[in-house]
Amino acid sequence: MNRRIRSIFWLMTACIVGINAFQAYWLWKNYQIDRQQFSQTVQDALFQVLEQQQVGEARRLLGKKLRGRTAPADSHSSRIIIRQYGSESQQTRVFFYDQPESLSNKPKAGKQPTKRLIVTYNTNQQRAENSPLQPADSMARRISSLVMLNWAGGKNLNLFKLKNDYRTELLRRSIDTDFQLDTVTIHPRHGQSDVLIFKNDGQQSGPDKRLQTSPLPINPVQNLFVQASFTTPSFYLLRRMGWLLGGSLLLLLLTTGCFLFMLSTIMRQKKLSEVKNDFINNMTHELKTPIATVTAAIEALQNFGALNDPQRTQNYLAISQNNLQRLSDLVEKVLNLAVEEKRELTLRPELVNLAELAHDLITNHQLRAPKPIAFVADIPAEASVLVDRVHFGNALNNLIDNAINYSRDQVHIRLAFRQNRDGWQLSVIDDGIGILKTYQSAIFDRFFRVPTGNLHAVKGFGLGLAYVRQVVERHGGHIQVQSEPGKGSEFILLFTNH
51 MNRRIRSIFW LMTACIVGIN AFQAYWLWKN YQIDRQQFSQ TVQDALFQVL
101 EQQQVGEARR LLGKKLRGRT APADSHSSRI IIRQYGSESQ QTRVFFYDQP
151 ESLSNKPKAG KQPTKRLIVT YNTNQQRAEN SPLQPADSMA RRISSLVMLN
201 WAGGKNLNLF KLKNDYRTEL LRRSIDTDFQ LDTVTIHPRH GQSDVLIFKN
251 DGQQSGPDKR LQTSPLPINP VQNLFVQASF TTPSFYLLRR MGWLLGGSLL
301 LLLLTTGCFL FMLSTIMRQK KLSEVKNDFI NNMTHELKTP IATVTAAIEA
351 LQNFGALNDP QRTQNYLAIS QNNLQRLSDL VEKVLNLAVE EKRELTLRPE
401 LVNLAELAHD LITNHQLRAP KPIAFVADIP AEASVLVDRV HFGNALNNLI
451 DNAINYSRDQ VHIRLAFRQN RDGWQLSVID DGIGILKTYQ SAIFDRFFRV
501 PTGNLHAVKG FGLGLAYVRQ VVERHGGHIQ VQSEPGKGSE FILLFTNH
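Position one of the sequence shown corresponds to residue 51 (this note's numbering), numbered consecutively onward.
The structure is reproduced here in structure tokens:
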């Protein structure tokens with residue numbers, strides 16, 4: 051049985067560990083995927099807002115440096131198109147469109163885009179004789195130089211506006227977490243590039259464990275770049291994975307709870323099986339004794355002429371009657387066990403003098419004691435408590451019975467009463483054989499008896515202490531036991547004032 055339970059335990063443990071390991075691996079992979087997606091998203095968002103700001107600034111410069119009429123330079127997407135119409139055209143037009151799909155066709159009258167920049171260049175103007183540039187090529191280079199000067203100068207980058215635009219773009223992409231936007235300088239070092247040397251606050255910094263975007267250039271001439279740093283991406287990612295973590299934790303708790311419940315059920319069934327076997331052994335022994343006694347009395351009457359002696363006949367009949375009555379009581383007790391377990395104990399509390407109750411019990415046990423007993427009652431004469439006289443007396447009687455039965459050739463029993471402002475306690479102390487620590491938590495269970503093998507020196511069904519606990523708890527108290535094998539036991543009944 052123990053080997054089978056041990057095998058079940060290890061199999062279930064392996065199952066739990068396997069499920070938890072799989073869950074942990076699955077969550078880790080999901081976290082890594084979300085982290086990669088987060089990193090890519092914040093990088094794309096930074097590139098987009100930086101491109102918008104640089105293109106917007108370039109449009110502003112084009113409108114300022116070149117002749118023509120301008121529209122607002124705050125669009126989100128723009129392109130520069132240079133077209134020279136006709137082989138003999140005298141003009142080159144530069145179109146700035148906000149809608150890329152509108153750039154594929156030649157602008158038509160009345161159907162021009164709402165936001166555009168048209169720069170007109172007059173090819174009739176005088177130019178150097180040796181100039182190899184054609185009008186369209188010249189205009190393209192002029193525009194490119196303006197854009198590059200604006201980019202390389204780096205003076206028109208508004209870091210505050212870039213940060214606000216970046217935050218807005220992140221929110222549009224459902225990312226709400228703190229970040230820091232810095233301008234950084236990158237220099238090659240020892241044959242390596244992309245080594246972070248200085249941030250915009252001028253303090254030296256080395257590699258950072260925070261999640262950082264790749265640096266994007268804002269002034270490649272001066273090696274000036276912009277970079278975003280996220281201080282708590284893990285917390286943000288874990289918050290986004292909340293339902294995954296919650297579901298996994300719930301599954302873990304349910305699985306572990308089922309495992310513990312099944313293990314507890316198996317152990318309880320094992321314990322019940324042992325208690326059942328002990329009960330059957332005790333019951334068999336208790337029933338066999340009166341049956342054997344009655345059988346012996348009847349044989350004496352039949353085979354040894356006891357019927358011719360009225361006195362002997364009367365004695366044998368009295369013995370048989372007593373044992374049959376005992377047998378009947380045992381059967382009745384077994385039949386009533388289930389009923390007593392379901393039925394609540396009914397109490398009739400009254401003010402009881404503990405000193406008088408203890409004196410009556412001590413006198414009764416001294417009269418029928420099978421061994422020498424020394425009683426000490428440390429109970430004040432005026433000690434009175436509100437209890438059910440019958441049930442509390444029976445509970446105290448059971449404790450004294452156990453102290454006598456589980457002792458050596460003689461026993462010393464002490465009853466001690468203590469009272470304070472919170473309540474009172476009554477202790478039954480003996481110097482008997484004691485109880486092993488292993489069994490102290492189980493002695494108050496129904497049918498439980500400390501294992502003694504096939505020896506039945508003490509008769510009973512393991513119901514006495516269960517009854518004591520039931521009576522004490524119905525009175526609003528609880529019972530404790532302190533015992534050491536070979537030195538005796540102390541049962542403490544604790545009650546609070548109510």
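Ideal Cβ placement from N, Cα and C applies to all residues, glycine included.
For this session: Kindly list the residues whose CB is nearer than 7 Å to the CB of Tyr286, restricted to its own chain and excluding five residues on each side of it in sequence; keep chain order.
Result: Within the same chain, and ignoring the five residues on either side of Tyr286 in sequence, the residues whose Cβ sits closer than 7 Å to its Cβ are Thr227.
Problem set entry | Residue from Phe545, Val67 and Arg54 whose Cα sits closest to the Cα of Thr305 | Per the C-alpha coordinates, the member of Phe545, Val67 and Arg54 positioned closest to Thr305 is Val67.
Exercise. Mapping DSSP to helix, strand and coil, what is Thr459?
Worked result: Looking at the sequence itself, residue 459 is Asp, so the reference to Thr does not match. Asp459: coil per DSSP, three-state reduction.
For this session: May I have the straight-line CA-CA distance separating Asn372 from Ala342, to the nearest angstrom?
Result: Taking the straight line joining both Cα atoms gives about 13 Å.
Problem set entry | Contiguous beta strand (DSSP E) assignments of at least 3 residues, all confined to the segment 274 to 307 | Positions of the beta strand (DSSP E) runs, each at least 3 residues long and wholly inside the segment 274 to 307, are given as 274 to 280 in order along the chain.
For this session: In the DSSP assignment, find the unbroken alpha helix (DSSP H) run with Asp215 in it and report its ends.
Result: Taken as a continuous stretch (DSSP letters only), the alpha helix (DSSP H) holding Asp215 covers Leu209 to Arg222.
Problem set entry | At least 3 beta-carbon pairs within less than 8 Å: the segment 294 to 311 vs the segment 457 to 467 | Touching, no.
For this session: Measure the CB-CB distance between Ile450 and Ser539 and report whether it falls below 7 Å.
Result: No, the pair does not count as a contact, with Cβ atoms beyond the cut-off.
Exercise. Considering only C-alpha positions, which residue in the set Phe541, Glu523 and Thr363 is nearest to Asn448?
Worked result: Ranked by Cα distance from Asn448, the options Phe541, Glu523 and Thr363 are led by Phe541.
For this session: Return the CA-CA distance between Ala445 and Arg524, expressed in angstroms with no decimal places.
Result: Distance between the alpha carbons of Ala445 and Arg524: 12 Å.
For this session: Determine the direct distance from the alpha carbon of Gln490 to that of Phe59, and round the result to whole angstroms.
Result: When only Cα atoms are considered, Phe59 and Gln490 end up about 25 Å apart.
Problem set entry | Boundaries of the alpha helix (DSSP H) in which Val518 is found, first to last residue | Start and end: Gly514 to Arg524.
For this session: Report all residues from its chain with a CB closer than 7 Å to the CB of Val437; omit the five preceding and five following residues, and keep chain order.
Result: Pro399, Val402 and His525, listed in sequence order.
Exercise. Can you name, in chain order, every residue of its own chain whose Cβ lies under 6 Å from the Cβ of Ala427, other than the five neighbours on each side?
Worked result: Within the same chain, and ignoring the five residues on either side of Ala427 in sequence, the residues whose Cβ sits closer than 6 Å to its Cβ are Ala408 and Leu465.
Exercise. Do the CB positions of Lys421 and Gln361 come within less than 7 Å of each other?
Worked result: In this structure, Gln361 does not lie closer than 7 Å to Lys421 by Cβ.
For this session: Return the CA-CA distance between Leu100 and Ser298, expressed in angstroms with no decimal places.
Result: Leu100 and Ser298: Cα-Cα distance of roughly 40 Å.
Problem set entry | Under 7 Å between C-beta atoms of Val234 and Phe275 | Cβ distance < 7 Å, so Val234 and Phe275 count as in contact.
For this session: Determine the extent of the beta strand (DSSP E) in which Leu476 is found, giving its start and end residues.
Result: Gly473 to Asp480 is the extent of the beta strand (DSSP E) around Leu476.
For this session: Spatial neighbours of Lys326 within its chain, please: CB distance less than 8 Å, with the 5 preceding and 5 following residues excluded, ordered by chain position.
Result: Same-chain partners within the cutoff: Phe497.
Problem set entry | Cα-Cα separation between Ile225 and Gln104, rounded to whole angstroms | Roughly 24 Å separates the two Cα atoms.
For this session: Report all residues from its chain with a CB closer than 8 Å to the CB of Asp379; omit the five preceding and five following residues, and keep chain order.
Result: Nothing meets the Cβ criterion.
For this session: Following the continuous beta strand (DSSP E) through Leu397, name the residue where it begins and the one where it ends.
Result: For Leu397, no beta strand (DSSP E) run applies, since DSSP gives it neither H nor E.
Exercise. In angstroms, rounded to a whole number, what distance separates the CA positions of Leu266 and Gln87?
Worked result: The alpha-carbon atoms of Leu266 and Gln87 are separated by roughly 19 Å.
Exercise. For Pro267, which beta-bridge partners are listed by DSSP?
Worked result: Checking the DSSP bridge columns, you'll see Pro267 partnered with Phe275.
Exercise. Got a sec? Which residues, its chain only, sit under 6 Å from Gly441 by beta carbon, not counting five neighbours each side?
Worked result: Before going further, note that residue 441 is His rather than Gly in the sequence given. Short of 6 Å from the beta carbon of His441, and not among the five residues preceding or following it, lie these beta carbons of its own chain, in chain order: Val521.
Problem set entry | Classification of Leu310 by the beta-carbon crowding that lies within 10 angstroms, buried from 16 upward | Exposed, because fewer than 16 other Cβ atoms sit within 10 Å of the Cβ of Leu310.
For this session: Would you check if the distance between the CB atom of Gln90 and the CB atom of Thr263 is smaller than 7 Å?
Result: Contact: no.
Exercise. Cβ atoms of Ala278 and Leu231: under 7 Å apart, would you say?
Worked result: A contact, by the Cβ cut-off of 7 Å.
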